[in-house]
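Novice: Keeping their order, the protein sequence lines are chains A and B.
Note that the working numbering gives residue 204 to position 219 of the first sequence, counting from 1, and the numbers run on in steps of one.
When you read off a place in the second sequence, starting at 1, and then add 113, the result is the number in the working numbering.
Take a look at the following structure, please.
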Amino acid sequence: MTARFALVMAWREARGSRRLALTVGAVSLGVAALVAINSFSANVTASVRAQARTLLGADLEVRARSPFPDSITAVLDSVARSGVPIARVTTFASMALAERSGAARLVEVRAVEPGFPFYGTVTTEPAGLWDRLGDARAVLVDPAVLIQLDARIGDTLAVGDARFAVAGVVTGAPGDVGIRAAIGPRVFLPARYLAETNLLRFGSLAQYRAYLRVPDDAELQSFLNRHNALFQRHRIGTDTVSEQEEDLTDALGRLARFLGLVGLVALLLGGLGVGSAVRVFVRDRLDAAAVLRCLGAPSRTVLAIHLIQAIALGLAGAVVGVLLGIAVQTVLPAVVRDFLPLEVTVRVSWPTILAGLAIGAGTAALFALPPLLELRAVTPLRALRRDVDAPLPRWDPARLGALAALLGALTFLAVWQAPSPGLGLAFAGAVVVTTGVLWLTATGLIRATRAWFPARASYVVRQGVANLFRPQNQTVAVVLVIGFGVFLIATLYVVQRNLVDQFALDRRPDRPNLVLFDVQQDQQDGVAALLAGRGVTPRDVTPLVPARIAALDGRGLDALAADSGPRRPSRWALRREYRNTYRDTLVASERLVTGTWWDSPRAPGTPARISVEEDVATELGVDVGDRITWNVQGVLIETEITSLRAVDWARFEPNFFVVFEPGVLEQAPQTIVLLGRADDPTLRAELQRDVVRAYPNVSALDLTEVQRTLDGILSKVSLAIRFMALFSVASGLLILIGALRASRLQRLREAVLLKTLGASGAQVRGILLTEYVAWGSFAALTGVLLAGVGGWALVTRVFEIDFRLPALGLAAVWTVVCALTVAVGLATSAEVLRGTPLQTLRELSE
Amino acid sequence: MMIDARDLEQTYLSGGTPLTVLRQVNLAVAPQEFVAVMGPSGSGKTTLLGLLAGLDRPTRGTVRLDGQDLGALTEDQRARLRAEKVGFVFQTFQLLPTLTALENVLVPIELRGGDTQGARERARRLLAHVGLADRMHHYPAQLSGGEQQRVGLARAFAGEPRILFADEPTGSLDAETGRTIIDLLVELNREAGTTMVLVTHDPALAARARRVVRLAGGAVVADERAATA
């Protein structure tokens, strides 16, 4: 009997729960955020699969950090002879100088052989130029190159010792990410003119890639298997279409999942809102529940009636959320466009939609259950007399079970949504802790107000503040939910400001803002003289000596690679090319962690002393006293680690993993980095031009430009996060409106009573205003306070930089949230202020 | 006996100190009997009614309802018993605010899983009987107090209960309206042949009962039977 009865009653009773609908709308927002992100993620995966070949441009990429050795070239030549199309692309950083405007900038040069890419097309303006690249002594450039060099199509561009005409701009290339143009705009030049530039000298950082077109998978695999050992030996990396596909899917999936976590917060806030609204709702339903019990309904039926309502409302909210999510999904590509290397086709993902529906209904049910369980405590006797309800025991097993289910579901959702299970667990834990702290802060603030009640304030203020504690007022819930939203956004703001400030600090007059690198030893004096001629003194002159590790404690790389266990050195740290320096002092951005600096002369017969950065020491599994054998351009140098250093990498200064003591590397092949400071931007531009004219191989970097780029990237990253955080704020607003409407009748009655007793409209308005200002203040203050703490933790622990509290910005956040709360509050209370007392009374009695 | 209560005692904890509301109450009610329970405020009338209807457990003593020992039943079994055999009329009507008049009357029938078509028919007939044929689809908030109590009466009889409990059914109504409610109640009761126990302050209502039990200080002080019906 009960199942049917419960359904019928739930359906009829839903009329009473309609005012919960608004709060359930908060669940819609959470569902929308998740559906949008997950559906988008599914679409990205599908698009990557469909476009993987195009993204790589070939079936196989073979790459190295130094020119291919003869053995590799021989292999490549032999497959080319067997008919496999091959195109080489050499990439390196260099200055480009526009002859007409005289502007010079660091660009990324790509020397491309004809044929690449084998899949997909590079679009140009004017059209069709890509396939003719190499027909003439001309280059194609990213649009940013023209802008930054104040150049136009047809101008002459100097790259190293060579001169090229700018034939056109590249408007789209497969695999391009929007944000990359900001990092290093590219100049595409025909590979056959590469030698003329005279740029690839000693010490230049370059990427050497060869692209192969091998459509047959088996043939590709057999090629890779055949040459695997050779590639390994020469530190040659390879990338196939399926690897590329996997990497991209992983990377974009992580991005989507991270944004999904932010969306999950919105869902949880919605759930909290539902929970608090249901708590109020339940208090209204106690009498009805008692009557039902009296008439013979078992308590589980009464519970079922209301739980079904909650689930139905959640489902309705989820349907709205799914529709909204599908709409939002079409906007998402625009938000993360700068991180997307491909066109994403928007499709409807059914599994995501079904999951969204289940999540919405489940969230509503799980958050509604703990307050609904109170209905079980209703005795039928309550229908006869009001004062009989025995409270549920404090540790009611069903209640604990409901809370456990809630926690379990939260953990499951977080782990499912997070990039990794560990992160998911951490997220779930953080949500629980944050909610707890927010709750404590919110109740603390409210208690404090009650304790230090403004007893001497005007009547209007006292009444308004007293309203905060009225029965059924959801002050804590609203403060919690809005506080959470504010907390998210404000934390983001604090972190972003600190990161930006970190670089801005380097604008202090004593910091260098111009870096000249790839200076050859014989050019050092000339470059210094050139700078001095324009009144700029080079302040740091740092030698750079490229070297590789040959052995650790006498054991060669192959032996080390075969090691296993925790002390096994990471492949990356072992095989990378180190750019080491030598000097006799520590610099400002580093400090000694263990060991001693070389203050005394080296004892005869001992190896050269080096200092290693602590993190890379961990990667290598080495400590003070261990020995490293270096291969410096074929010469083996034995060294001993005498100290470990901590390095502040965030400073724009040449920092090093490994520093040698002086007297060892002076004769080794090396390049020089010079730092200088020129306050006038025009002077900086002219210096770059002059240096490039005189020494085409030297690269100059204007740090103010780099900073602008970083600011841009940071703001783009935070835009995506902020977009997702918006869902949380919107949830907060909905819950605010819902809470205001829940206490609407009470407010109306009070207003009528006050007006009847002679209160003016202004006084009633003043009371409401006080209440809303207090509400907004509490919520924003809670969020802002916690954001300060959270931001500090992130800035100092994760980013490891100095923390500064952006107090002014946080005050602005606080003000805006207050204003918003007041605006929403007064808008929903319009009817309280309108009309004469009698008129309102008549409406109330209907 | 329809109701057989023996040695009922009820003690509540009131602010930490035990408060005995009923002591040594014995009451037997025969089928189709109409009993009014009277007494001053705080004499334990409502508590007695609650115990007889199985809404609560007595501290001591037993209640048998239509032969079943309520003390031996679980909360849910007692609920089932109420759904099948017991009807209620409340002082404050206690209509479910979210249901229409008709739906309120349907609740006891549907609780038993009765057939919908027949149930609706019966509910309509009952509402027509209490004079609300044209207000069936109104919500409680749209009905006057007297009208609400008429819906309450229709609901009480909708489940064809063996026994009806009424708690001050005229307590919230003016005298005139109260009288029509009393007339309806007595009439419905006579037609259905239901056993009825009602708690009241209203001498006019008590006068219609065949038997008046008086409580004072939680104990039965008088049990009077009218000579004639």
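Ideal placement from N, C-alpha and C gives every residue a C-beta, glycine not left out.
In this text, all values refer to a predicted model and were calculated from it rather than measured experimentally.
Since A/D503 and A/T656 are thought to touch, with beta carbons under 8 Å apart, how far apart are those beta carbons, to the nearest angstrom?
Specialist: Within the first sequence, residue 503 of chain A is the residue found at index 518, counting from 1. Within the first sequence, residue 656 of chain A is the residue found at index 671, counting from 1. Between A/T656 and A/D503 the Cβ distance is about 5 Å, and since that is below 8 Å, they are a contact.
Novice: So is B/D189 in contact with chain A if we call contact Cβ pairs under 7 Å?
Specialist: Residue numbering aside, residue 189 of chain B sits at position 76 when the second sequence is read from its first letter. True, the Cβ-Cβ gap to chain A drops below 7 Å.
Novice: Go ahead and pull the three-state DSSP assignment for A/F712.
Specialist: Taking the first sequence and counting its residues from 1, the one referred to as residue 712 of chain A is at position 727. Helix at A/F712.
Novice: Hey, is B/P131's beta-carbon within less than 7 Å of any beta-carbon in chain A?
Specialist: Position 18 of the second sequence, counted from the start, is the residue given in the question as residue 131 of chain B. Between B/P131 and chain A, the shortest Cβ-Cβ separation is not below 7 Å.
Novice: Based on the DSSP output, what are the partners of A/S79 in its beta bridges?
Specialist: Against the first sequence, residue 79 of chain A aligns to sequence position 94. As computed with DSSP, A/S79 is found in a beta bridge with A/V92.
Novice: Can you pull the chain B neighbours of A/A368, defined as C-beta to C-beta under 8 Å?
Specialist: Locating residue 368 of chain A in the first sequence gives position 383, counting from the first residue. What A/A368 touches in chain B: L168, F201, F203, Q207.
Novice: Does any C-beta atom of chain A lie closer than 7 Å to the C-beta of B/V218?
Specialist: Counted from its first residue, the second sequence places residue 218 of chain B at position 105. So no, B/V218 is outside the interface.
Novice: Note the first and the last residue of the continuous beta strand (DSSP E) segment covering A/Y196.
Specialist: Working through the first sequence from its first residue, we reach residue 196 of chain A at position 211. Note, A/Y196: beta strand (DSSP E), 191 to 197.
Novice: Assuming A/V363 and A/A275 form a contact by the criterion Cβ under 8 Å, report the distance between their Cβ atoms to the nearest whole angstrom.
Specialist: In the first sequence, the residue the question calls residue 363 of chain A occupies position 378. In the first sequence, the residue the question calls residue 275 of chain A occupies position 290. That belief holds up - the Cβ atoms of A/V363 and A/A275 are roughly 5 Å apart, short of 8 Å.
Novice: Whose C-beta lies closer than 6 Å to the C-beta of B/T290 among residues of the same chain, with five residues either side of it excluded?
Specialist: Translated into positions along the second sequence, residue 290 of chain B becomes position 177. Result list for B/T290: G259, in chain order.
Novice: Would you say the segment 803 to 810 of chain A touches the segment 747 to 758 of chain A, given that touching needs at least three Cβ pairs under 8 Å?
Specialist: Segments in contact, yes.
Novice: Is A/V363 close to chain B? Criterion is C-beta to C-beta, closer than 7 Å.
Specialist: Position 378 of the first sequence, counting from 1, holds the residue named residue 363 of chain A. A/V363 does not count as touching chain B.
Novice: Just list the residues that DSSP pairs B/T307 with in beta bridges.
Specialist: The residue given as residue 307 of chain B occupies position 194 in the second sequence. According to DSSP, B/T307 bridges with nothing at all.
Novice: Taking A/Q314 as the reference, give the member of A/R384, A/D146, A/A241 with the closest Cα.
Specialist: Position 329 of the first sequence holds residue 314 of chain A. Ranking A/R384, A/D146, A/A241 by Cα distance to A/Q314 puts A/A241 first.
Novice: If you follow the beta strand (DSSP E) that A/L628 is in, where does it begin and where does it stop?
Specialist: Residue mapping note: residue 628 of chain A aligns to position 643 of the first sequence, counting from 1. In the sequence as presented, Leu is not what sits at residue 628 of chain A; that position holds Ser. First-last of the beta strand (DSSP E) with A/S628: 620 to 632.
Novice: With distances taken between CB atoms, is the gap from A/L292 to A/L357 smaller than 7 Å?
Specialist: The residue given as residue 292 of chain A occupies position 307 in the first sequence. The residue given as residue 357 of chain A occupies position 372 in the first sequence. It is a contact, given that the beta carbons lie within the stated cut-off.
Novice: Does the CB of A/L271 have a neighbour CB from chain B at under 7 Å?
Specialist: Within the first sequence, the letter at position 286 stands for residue 271 of chain A. By this cut-off, A/L271 is not an interface position.
Novice: So what does DSSP say about A/P283, is it helix, strand or coil?
Specialist: Along the first sequence, one-based indexing puts residue 283 of chain A at 298. The answer is coil: DSSP assigns A/P283 none of H, G, I, E or B.
Novice: Three or more C-beta pairs under 8 Å: does that hold for the segment 508 to 515 of chain A against the segment 739 to 755 of chain A?
Specialist: no
Novice: Using only the alpha-carbon positions, how far apart do A/L369 and B/G163 sit?
Specialist: Translated into the one-based positions of the first sequence, residue 369 of chain A becomes position 384. Translated into the one-based positions of the second sequence, residue 163 of chain B becomes position 50. Answer to the nearest angstrom: the Cα atoms are 8 Å apart.
Novice: Quick check on DSSP: helix, strand or coil for A/T656?
Specialist: Locating residue 656 of chain A in the first sequence gives position 671, counting from the first residue. The answer is strand: DSSP assigns A/T656 an E or B state.
Novice: How about the segment 276 to 284 of chain B and the segment 295 to 310 of chain B: do they share at least three Cβ pairs that are nearer than 8 Å?
Specialist: Yes: the two stretches touch, three or more of their Cβ pairs being nearer than 8 Å.
Novice: Under 7 Å between C-beta atoms, does B/R235 make it to chain A?
Specialist: For this step, residue 235 of chain B is matched to residue 122 along the second sequence. No, no contact with chain A.
Novice: Do A/G160 and A/L237 have their C-beta atoms closer together than 7 Å?
Specialist: Start at 1 with the first residue of the first sequence, and residue 160 of chain A comes out as number 175. Start at 1 with the first residue of the first sequence, and residue 237 of chain A comes out as number 252. It is not a contact, given that the beta carbons lie outside the stated cut-off.
Novice: For A/D507, does the count of other Cβ atoms within 10 angstroms reach 16, so buried, or fall short, so exposed?
Specialist: Here residue 507 of chain A refers to the residue found at position 522 of the first sequence. A/D507 is exposed by the Cβ-count criterion.
Novice: Output yes if chain B places a C-beta closer than 7 Å to the C-beta of A/D282; else output no.
Specialist: Along the first sequence, read from residue 1 onward, the residue named residue 282 of chain A stands at position 297. Correcting the residue type first, residue 282 of chain A is Ala in the shown sequence and not Asp. True, the Cβ-Cβ gap to chain B drops below 7 Å.
Novice: Between A/G299 and A/T348, which are expected to be in contact by the criterion C-beta below 8 Å, what is the C-beta distance as a whole number of angstroms?
Specialist: Against the first sequence, residue 299 of chain A aligns to sequence position 314. Against the first sequence, residue 348 of chain A aligns to sequence position 363. Yes, they are in contact, since the Cβ atoms of A/G299 and A/T348 sit about 6 Å apart, within 8 Å.
Novice: For A/I296, which residues from the same chain have a beta carbon less than 7 Å from its beta carbon, with the 5 sequence-adjacent residues on both sides left out?
Specialist: Reading the first sequence from its first residue, position 311 is the one you call residue 296 of chain A. The answer, listed in chain order, is A346, A349, A350.
Novice: Comparing the C-beta of B/A118 with each C-beta of chain A, is any distance below 7 Å?
Specialist: In the second sequence, counting from the first residue as 1, residue 118 of chain B sits at position 5. So, not an interface residue.
Novice: Look at B/V299 and B/R324 and say whether their C-beta atoms are less than 7 Å apart.
Specialist: Against the second sequence, residue 299 of chain B aligns to sequence position 186. Against the second sequence, residue 324 of chain B aligns to sequence position 211. No, these two residues do not count as a Cβ contact at 7 Å.
Novice: I'd like to know whether the C-beta of A/R0 is nearer than 7 Å to at least one C-beta of chain B.
Specialist: Position 15 of the first sequence, counted from the first residue, corresponds to residue 0 of chain A. Yes, A/R0 counts as interfacial toward chain B.
Novice: When DSSP builds the beta bridges, which residues end up paired with A/G153?
Specialist: On the first sequence, position 168 is the one that residue 153 of chain A refers to. Under DSSP, A/G153 takes part in a beta bridge, and its partners are A/L125.
Novice: Alpha carbon to alpha carbon, how far is A/S585 from A/L233? Give it in angstroms, no decimals.
Specialist: Here residue 233 of chain A corresponds to residue number 248 of the first sequence, with the count starting at 1. Here residue 585 of chain A corresponds to residue number 600 of the first sequence, with the count starting at 1. Per the coordinates, the alpha-carbon of A/L233 lies some 52 Å from the alpha-carbon of A/S585.
Novice: In whole angstroms, what is the alpha-carbon distance linking B/L311 and A/A394?
Specialist: Position 198 of the second sequence, counting from 1, holds the residue named residue 311 of chain B. Position 409 of the first sequence, counting from 1, holds the residue named residue 394 of chain A. C-alpha separation (whole angstroms): 50 Å.
Novice: What number of angstroms, rounded off, separates the C-alpha of A/P647 from the C-alpha of A/D608?
Specialist: Here residue 647 of chain A refers to the residue found at position 662 of the first sequence. Here residue 608 of chain A refers to the residue found at position 623 of the first sequence. Distance between the alpha carbons of A/P647 and A/D608 is about 21 Å.
Novice: Taking just the CA atoms, how far does B/Q207 sit from A/A31?
Specialist: Here the question's residue 31 of chain A lines up with position 46 in the first sequence. Here the question's residue 207 of chain B lines up with position 94 in the second sequence. Distance between the alpha carbons of A/A31 and B/Q207: 59 Å.
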